[in-house]
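Residue numbers (our numbering), protein chains in the order written: chain A, -14 to 129; chain B, 16 to 385. One structure is given here, and the rest of the page talks about it.
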Amino acid sequence: MTDALSREQRCALLAEAERDELVALADECLADGAPVRVLTGPVVGVVVAQVREPVLAERFLLGDVLACRAEVELSGRRGWSMRLGDDRAATLAAAVLDAEVEAARPAAGRVDDLCHTVARRRTEREAAEWAEIAPTIVEFEELT
Amino acid sequence: MGYSGARGGLAAILAAEDLVRHARDHAPAPWAPTGQITARFRLAVDRVMGEGGLYHEPTAAAALRQAEGDTLEAAHLVRAYRSTLPRLAVSEPADPDEMTVLRRIVPAFRDPGGPQLLGRTTDYTGRLLEQPQAQPDSPADGPEPAPERTAEQRRPGRFLDLLRKMDLVADQRLRDDPDPVDITRTPARPPAARSAVLASMARAETGGLVGLWYRSILGPDGDVHEVTLGEVRHGRIPLRVRHPHTGNPVRLGEFRASEAEAIENLDGADEDRSKLDVGYGLCFGHNERKVIAMANLDIANRRFGRTGPLEQLLLLTTDGLDSTGFLEHLKLPHYVTFRSIVERKQAVRAALDAGEEPDERVAEPFGKEC
């Protein structure tokens, strides 16, 4: 992924980043004393998983997924984050990083770098996963 | 035997709780961390997530530990916890076609398009009990590098679409798009929308749902006729919500789910007998038993739910918390109820002794006296 990230792509990748890397980078962002306000949360709650099933194309509610949401204001720009799970610190840090980019602040490039790292990691994880399960594909042999 | 107002029992209740807590938390064995439980008892964890209606592995694992491995008690703890949480959002409609498969089998068709991917399963393994004294050694080498994968291998087309291409499926797709029923806010009662039935089955107690499915095959109801399975999957489905500032969907991550399609032969007088129909099942985590039962019962309910007891059974009797809650309450004091029963027996006996004819019996519905 080398193109500029959309805000949705950034939020998605920050939602998958590791807690420690989010918190460390958010601390760096705030080290210059920029004014920051926590507007919402971080609050742990649920996202209702809505599914459109394929037979009648009908929507139904499968259940709830635990999630955490936060919103901050940094240098006058809003940063938002929602992550699966209940890690408040990571969610708050991700919101700070979103705001860092929105405000075009000095560490914005570092946030993009982190996002690209997360994307690469996902690709590598999926490749490793496939290496494990691919041998379980059934290869049929024709009997004549 | 006599009844009088009484108080007491608090000390005994507290002592009983202490007994549980002490025996559980200070058992002469190493503490089982949450990660240990999610890694080694994943199917139990998945079952608790599904029946508890909350997807979060660490929460389900903590509940299992607290419940000493009792999955229904754990699901109860999870639902109670869930009820304390705010609702942050309703996701965009997730598309099961986006599932990244970890396992996918199509029992009905050898070459369904995409792989027959066995994944992690013991379906074909003899049930030989292993009793290792310690963790087995790790294999010396990791997996071989996998060949380049295609999109179709990880997100194969569904068997239903193949049947549709063959013009074998009665097209029952809705023309409108009704809002789904939220059974966590409004109890589902017959007659209910299909979305309520699917949601009820998704969090039903697994054994209860399988029992009802089997009853529908071998029992008196006969609601399930064909038991041909189209497809079973386990994999990850993306979850997205609307970004509050841009209004566009944002992917938060993925949840694991199991999915099944069940094929039914249409043979009713008012049905297109040249076609098949397909039932659908989807639940949190890896629980193939549950989704197979769900898929068969989905189609059975669409065909016969309004003319027989199936819809009522699905909506009112498969929830594990409901059924076990009712069962568990029987252990609470019923002194007054039982004294009433005894006094009625004594009155009948006295009447018989006095030479009176017994009253004609009036049958009561099952379960009324409890």
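In this text, a Cβ means the ideal position worked out from N, Cα and C, and glycines have one as well. Small disclaimer: the values here were computed from a predicted structure and weren't measured.
Short CB-CB distance (under 8 Å) between residue i and chain A
i: B:S106; result: yes
i: B:P259; result: yes
i: B:A109; result: yes
i: B:L100; result: yes
i: B:G250; result: no
i: B:N263; result: yes
i: B:H71; result: yes
i: B:F56; result: no
i: B:G68; result: yes
i: B:V225; result: no
i: B:S210; result: yes
i: B:A203; result: no
i: B:E326; result: no
i: B:F124; result: no
CB contact check: residue i to chain D, cutoff 8 Å
i: A:T121; result: Absent from the structure: chain D. Protein chains present are A and B.
Residue i in three-state terms, based on DSSP
i: B:L213; result: helix
i: B:L367; result: helix
i: B:H349; result: coil
i: B:Y421; result: Outside the displayed span of chain B (16 to 385) sits residue 421 of chain B, for which this structure offers no information.
i: B:R102; result: strand
i: A:I122; result: strand
i: B:V239; result: coil
i: A:A88; result: coil
i: B:A89; result: helix
i: A:L(-10); result: coil
i: B:L69; result: strand
i: B:A378; result: coil
i: B:V196; result: coil
i: B:L133; result: coil
i: A:T129; result: coil
i: B:A203; result: coil
i: B:G95; result: Sequence inspection shows Ala at residue 95 of chain B; the Gly mentioned does not correspond to that position. Of the three classes helix, strand and coil, the one that applies to B:A95 here is helix, per DSSP.
i: B:A109; result: strand
beta-carbon residue i near the ligand COA non-hydrogen atom, thresh 7 Å
i: B:R318; result: This structure does not include the ligand COA; it has no bound ligands of any sort.
Residue range of the unbroken beta strand (DSSP E) whose run includes residue i
i: B:G296; result: L291 to F299
i: B:T115; result: T115 to I120
i: B:R266; result: P264 to N280
Short CB-CB distance (under 8 Å) between residue i and chain B
i: A:P39; result: yes
i: A:L46; result: yes
i: A:D97; result: no
i: A:G130; result: Within the shown structure, residues of chain A are numbered from -14 to 129, placing residue 130 of chain A beyond reach of any answer.
i: A:G61; result: no
i: A:M(-14); result: Below a pLDDT of 50, predicted positions are generally treated as unreliable, and A:M(-14), at 48, falls in that range; the measurement from the model is reported next regardless. So, not an interface residue.
i: A:E117; result: yes
i: A:V8; result: no
i: A:D5; result: no
i: A:A79; result: no
i: A:C(-4); result: yes
i: A:V86; result: no
i: A:V36; result: yes
The alpha helix (DSSP H) enclosing residue i, as first and last residue numbers
i: A:L99; result: A93 to I118
i: B:E246; result: Premise fails: B:E246 lies in the beta strand (DSSP E), T243 to R257, not in any alpha helix (DSSP H).
i: B:R22; result: Element bounds for B:R22: n/a, residue is neither H nor E.
i: B:P306; result: Correcting the residue identity first, residue 306 of chain B is Val in this sequence and not Pro. That run of the alpha helix (DSSP H) goes E303 to F319.
i: B:A54; result: T49 to R55
i: A:A2; result: No alpha helix (DSSP H) holds A:A2; DSSP gives it neither H nor E.
i: B:A166; result: A166 to R169
i: B:W228; result: T221 to L233
i: B:L178; result: F174 to K180
i: B:G335; result: G335 to H344
i: B:L189; result: Taken as a continuous stretch (DSSP letters only), B:L189 belongs to no alpha helix (DSSP H), as it is neither H nor E.
Same chain only: Cβ atoms within 8 Å of residue i, ignoring 5 sequence neighbours per side
i: B:G283; result: R318
i: B:L407; result: Past the boundaries of the shown model lies residue 407 of chain B; chain B is included only from 16 to 385, so the question cannot be answered.
Beta-carbon proximity list for residue i, same chain, < 6 Å, skipping 5 on both sides
i: A:F125; result: none
i: B:L69; result: V93 and R97
i: B:H91; result: L336
i: A:A93; result: E85 and V86
i: B:D292; result: A185, E279, L281 and I314
i: B:E303; result: V247 and S273
i: B:P43; result: none
Close Cβ partners of residue i (< 7 Å) along its chain, the five nearest in sequence each way excluded
i: B:R169; result: T115 and V116
i: A:A11; result: A78, V81 and L82
Which parts of the region 10 to 72 of chain A are runs of the beta strand (DSSP E), unbroken and 3 residues or longer, counting only runs that do not cross its ends? 21 to 37, 44 to 59 and 62 to 69
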